[in-house]
Amino acid sequence: MDPKIKSMFLDEHAGDGAERFGVSLEDLTFVGGFQNFVYSYNRDELKYILRFTPSTLRTKEGVTAEIEWIRYLSENGLSVSIPVSSADGEDIHRIHGSTMDYYVTSFKHAPGQKIGYPECLGNPMLYEQCGRITGRLHELAKLYKPTAKRHTWEFNEYLKRAKDYLPSELLHALDVLKAHLACLPITAENFGLIHGDINVGNFTIDELGQITLFDFDECQYSWYVEDIAIQLYYLLYVFGEDSKSERKVQYELFIKHFERGYTEEGRQMPDGWKEQLELFLRLREIIVVVGMHRSWDLSQPNDWTRDFLQDSRMRIMKGISLIDEF
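Each residue of the sequence shown is one higher than the one before, counting from 210 in the numbering used here.
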């Protein structure tokens with residue numbers, strides 16, 4: 210979270226938003242969030258999420274498009290955290306602040322449990338499930354006819370803010386990468402509305418192994434390969450430069466089982482996906498570095514953070530990804 214925005218969000222904003230959804234400030238438990246202010250609350254013995262999105266981050270149309278997209282996925286059988294309406298029957302309310310406004314929305318809490326590190330590593334059943342739900346999401350995206358429009362990949366908020374956090378040499382590398390991406394073919398079969406941030410922090414798994422996706426705040430129009438690369442990135446980035454062999458094993462295991470799940474029921478992987486993975490891994494690395502500089506205090510980084518940023522800087526400047534050396 211941008212420290213400036215964080216300092217502007219007050220209890221009165223949270224209380225106002227809570228009231229719209231039939232609860233009080235005292236009912237809220239702060240959960241966190243990188244770009245939004247996220248709370249949980251209970252009502253009628255059920256658990257919900259209350260999210261406040263700064264108006265500097267999203268437009269009303271953008272939030273409307275996100276809600277519409279989630280409802281469409283749910284209505285077509287995908288397991289997602291469903292939006293819930295306010296006491297007035299509205300999906301979105303605008304909360305007015307002295308310096309900026311906030312859009313408040315609410316969602317049913319996803320059933321099941323999160324799976325973190327290291328449990329998510331070397332887990333073929335999980336990777337197959339990830340492939341299955343991603344493939345189904347992309348299949349539905351190809352049929353989707355929205356009434357409200359989300360932004361395209363080049364207007365990703367992290368990329369827009371990169372100039373505020375990255376030195377000139379990394380910005381140049383980003384410009385080169387964006388030019389390369391802009392040359393990729395765009396067809397109905399390889400480009401559409403994606404989740405934009407599938408990772409173990411944004412889904413739960415129930416006792417039957419079913420995944421429920423949530424946090425669609427990063428949904429955008431992009432190549433479907435980006436949704437795959439993001440998942441792979443967060444399974445590989447935890448391995449440092451001295452663990453390349455483990456990284457390779459993880460990569461090969463993920464590719465094998467993710468593809469098996471994705472291609473169930475006759476679905477096809479996106480054209481050229483394996484060749485394009487390294488491009489989108491590089492893009493995700495830049496986004497992660499921007500996010501770390503924006504949201505973390507890096508004045509005294511721990512050993513892992515320092516080494517990671519050093520390795521990332523090298524890869525970004527050289528135009529290589531986490532899998533280029535396999």
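All C-beta atoms, glycine included, are put in the ideal place defined by N, C-alpha and C.
- 9 Å or more divides the Cβ of Asn399 from the Cβ of Trp362.
- Ser294 has its alpha-carbon roughly 26 Å from the corresponding atom of Tyr430.
- In terms of CA proximity to Gly449, Ser530 leads the group Asp300, Glu366 and Ser530.
- When secondary structure is reduced to three states using DSSP, Arg252 falls in the strand class.
- Residues Ala438, Tyr442, Ser530 and Leu531 of the same chain have their beta carbon placed closer than 6 Å to that of Leu490, with the five preceding and five following residues left out of the count.
- The DSSP-derived three-state label of Gln429 is strand.
- In this structure Tyr326 is exposed. Its beta-carbon is surrounded by fewer than 16 other beta-carbon atoms within 10 angstroms.
- For Gly271, there is no enclosing beta strand (DSSP E); the residue is found in the alpha helix (DSSP H) stretching over Lys269 to Glu284.
- Secondary structure of His302 (DSSP, three-state): strand.
- Excluding the 5 residues flanking it on each side, Ser264 has same chain C-beta neighbours closer than 7 Å at Met309, Asp310, Tyr311 and Tyr312, in chain order.
- The three-state secondary structure of Lys317, taken from DSSP, is strand.
- Annotation: Val447 is outside any alpha helix (DSSP H) and is labelled neither H nor E by DSSP.
- 9 Å or more divides the Cβ of His404 from the Cβ of Leu375.
- Uninterrupted beta strand (DSSP E) stretches at least 3 residues long and entirely within the segment 455-479 do not occur.
- Segment contact: the segment 463-470 against the segment 331-340, three or more CB-CB distances shorter than 8 Å; contact assigned.
- According to DSSP, Tyr257 shares a beta bridge with Tyr250 and Lys317.
- For Tyr374, the secondary structure class from DSSP, reduced to helix, strand or coil, is coil.
- Taking the Cα positions, Met501 is about 30 Å away from Met334.
- Three or more pairs of CB atoms, one per stretch, sit closer than 8 Å, so the segment 477-491 contacts the segment 383-402.
- With 16 or more neighbouring CB atoms inside 10 Å of its own CB, Gln244 falls in the buried class.
- The three-state secondary structure of Tyr326, taken from DSSP, is coil.
- For Leu402, the uninterrupted beta strand (DSSP E) segment begins and ends at Phe400 to Ile403.
- The straight-line gap separating the alpha-carbon atoms of Leu445 and Ile496 is approximately 15 Å.
- Pairing Tyr257 with Phe230 gives a Cβ-Cβ distance under 9 Å.
- Under the three-state reduction of DSSP output, Tyr353 falls in the coil class, being neither helix nor strand.
- According to DSSP, Tyr311 shares a beta bridge with Pro263 and Ile304.
- Of the residues assessed, Pro292 falls on the buried side of the cut-off, its CB having 16 or more other CB atoms within 10 angstroms.
- Restricting attention to Arg345, Glu254, Leu255 and Ser249, the CA atom closest to the CA of Phe261 is found in Ser249.
- By alpha-carbon distance to Gln419, the top candidate from Gly475, Leu386 and Ala319 is Ala319.
- Per the DSSP secondary-structure output, Leu422 pairs in a beta bridge with Val289 and Phe412.
- Residue range Trp482 to Ser504 is occupied by the alpha helix (DSSP H) that includes Gly500.
- The criterion of a C-beta distance shorter than 9 Å is not satisfied by Val409 and Ile279.
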